[in-house]
């Protein structure tokens, strides 16, 4: 299927799975569709599975957008808490179309949780609450890292708002195996053209892996790209299949730098067993050792500072006083990395947390962590590959064969998961069938379907230039006003000062602050500067009331205290309670 055919199907409002090889134009097709919708006044939510992927499409992570965060399952309490969040409710209710990019990196349980949130917020039993959902991705990429013996779970069909939202039931490991995927019944659009790589030989290597026809000719091409250890630039990113090899290279490279070491030790609070679980899941080490000139990778999103999980850079200094590391990213942006927190909540209470500088050494990274990256060149050692698809993912990170430098490989590196190979054939057949069916539709009937979807989504079918300008201006002013508040906040001003300078209500500025915290542009810890002594002292009691009443409603807590605390005080307390 070519891009235009996929675009015609998308415009009907049908749920779609948009797939294809790397460079087939998936992102371009989505961008075209999003532009089409926005020019007609239709609200689109653009999300992705990871921070790096989200930056590529100008969106946010699906975890943040839906409010599920790092949860692995949902209780009724969780769903109620999420669905009464002003931020989540506003986003999910306003959207008419939901795009989920890099869907292959999401497990079926995550897809089901997003579906549950959408149905709850939108008060609809339809898949994803009636949103047009567009899954984008390629299942030849590696699936999410999961423990195969842990049960994924499912949302019950009959009642999505009961106490036991998820009952234990084994599911697969791929997103398309989720119950919500089956409920959504997406039309598969398998893009067959190739735009990214301008290297026919390299394209044939990648295609042969996908089609399970990798032969001796392909090995000869790879043999020509073999290099010896130490014969490549130290700056060139190295990919390995195992963490032990990554750590060995990173530690050796760090020792070569003749600079003073800076140590950052992880701090944990809560039950030891939970703290240890959090540590195992954290990409930053228990003790982080850095030096001036060290190559690093960010391990957490921080929109305010302008980095995401996966951002690569170099240590160029350390902040005076705190000695927090200063990083210069690959695009030349400099930022200071402060400690971040990873927490485990249960029924709204933090059971345990860890705090560490969200960095790790990155002369080398694992193939898993390289997903979503597009590199000019990289050094790879695929001799110890242990999982289907790792070789394909590693090779497809570079844009052309000349950028590939191989230290070694084994035959397993170029095998694909049997389930994915057979499923890919099904996806291709589904796409071909859809292509044939839609080609039978008269143009006027197809156009009518397009127009009906725009009308049903509250958009304008034939927007005038003036309307398009209004849509563009409205979008721009919305961003500008919040960003202006952020600029003033970063200057050290409080809500009263900002409201006075901007001639806006303090409640309006507080709304901006809430949204900026939600977008991770303002760290929640910075709110302490607008926290007066009275509210600070009252926080435990107010938070206890929110939990006891099992609500996020300000009015309910206001009545509980018989007006003892103002709505502004309760609003700040709720924000500090976290999402």
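In the numbering used here, the protein residues as written are 7 to 585.
We put the CB at the ideal spot given by N, CA and C, even for glycine.
State the start and end residues of the unbroken beta strand (DSSP E) segment that holds residue i.
i: residue 342; result: 340-342
i: residue 321; result: 318-324
i: residue 370; result: 370-372
i: residue 246; result: 244-246
i: residue 366; result: 365-367
i: residue 124; result: That residue, residue 124, is in no beta strand (DSSP E); its alpha helix (DSSP H) goes 114-128.
i: residue 104; result: 103-107
i: residue 332; result: 331-335
i: residue 200; result: Element bounds for residue 200: n/a, residue is neither H nor E.
i: residue 303; result: 301-304
i: residue 276; result: 273-276
i: residue 413; result: 410-415
Tell me, which residues are paired with residue i by DSSP?
i: residue 195; result: 24
i: residue 268; result: 296
i: residue 348; result: 360
i: residue 400; result: In DSSP, residue 400 forms no bridge with anything.
i: residue 308; result: 313
i: residue 545; result: DSSP lists no partner for residue 545.
i: residue 140; result: 22 and 105
i: residue 54; result: 67 and 107
i: residue 232; result: 412
i: residue 381; result: 404
As a quick exercise: from the options, pick the residue whose alpha carbon is nearest that of residue i.
i: residue 269; options: 366, 308, 338 and 189; result: 366
i: residue 103; options: 93, 117 and 36; result: 36
i: residue 566; options: 221, 550, 13 and 578; result: 550
i: residue 328; options: 338, 342 and 315; result: 342
i: residue 178; options: 215, 349, 562 and 117; result: 117
i: residue 416; options: 465, 246 and 467; result: 246
i: residue 372; options: 227, 28, 386 and 271; result: 386
i: residue 463; options: 258, 82, 19 and 11; result: 19
i: residue 381; options: 244, 294 and 470; result: 244
i: residue 51; options: 82, 97, 280 and 324; result: 97
i: residue 532; options: 574, 582, 546 and 423; result: 582
i: residue 318; options: 128, 339 and 220; result: 339
i: residue 514; options: 502, 236 and 326; result: 502
i: residue 401; options: 215, 442, 469 and 363; result: 215
i: residue 23; options: 577, 193 and 240; result: 193
i: residue 437; options: 414, 580, 198 and 33; result: 198
i: residue 369; options: 418, 301, 335 and 336; result: 301
Thinking residue i and residue j are a contact (beta carbons under 8 Å), I'd like their distance in whole angstroms, please.
i: residue 110; j: residue 181; result: 7 Å
i: residue 123; j: residue 89; result: 7 Å
i: residue 7; j: residue 195; result: 5 Å
i: residue 231; j: residue 390; result: Their Cβ separation, rounded to whole angstroms, is 18 Å, which puts residue 231 and residue 390 out of contact at 8 Å.
i: residue 359; j: residue 275; result: 5 Å
i: residue 17; j: residue 459; result: 7 Å
i: residue 144; j: residue 28; result: 7 Å
i: residue 139; j: residue 256; result: Their Cβ separation, rounded to whole angstroms, is 39 Å, which puts residue 139 and residue 256 out of contact at 8 Å.
i: residue 364; j: residue 290; result: 6 Å
i: residue 548; j: residue 510; result: Actually they do not touch by this definition, with Cβ atoms about 26 Å apart.
i: residue 303; j: residue 323; result: Incorrect: roughly 18 Å between the Cβ atoms, too far for contact.
Please confirm whether residue i and residue j have their CB atoms less than 8 Å apart.
i: residue 321; j: residue 297; result: yes
i: residue 388; j: residue 395; result: no
i: residue 421; j: residue 404; result: no
i: residue 411; j: residue 238; result: yes
i: residue 356; j: residue 377; result: no
i: residue 113; j: residue 94; result: no
i: residue 543; j: residue 522; result: no
i: residue 100; j: residue 49; result: yes
i: residue 30; j: residue 200; result: yes
i: residue 56; j: residue 108; result: yes
i: residue 292; j: residue 272; result: yes
i: residue 15; j: residue 440; result: yes
For the alpha helix (DSSP H) containing residue i, list its first residue and its last residue.
i: residue 387; result: Counting along the chain, residue 387 falls outside any alpha helix (DSSP H), though it belongs to the beta strand (DSSP E) covering 384-388.
i: residue 523; result: 512-524
i: residue 564; result: 560-566
i: residue 35; result: 32-44
i: residue 252; result: 249-262
i: residue 97; result: 92-100
i: residue 424; result: 424-445
i: residue 459; result: 449-462
i: residue 502; result: 501-508
i: residue 224; result: 222-229
i: residue 579; result: 573-583
i: residue 207; result: 206-216
i: residue 12; result: 9-16
i: residue 88; result: 82-89
i: residue 185; result: 185-190
Would you say residue i faces chain B, with C-beta separation under 8 Å as the test?
i: residue 449; result: In the structure shown, chain B does not exist; there is a single protein chain.
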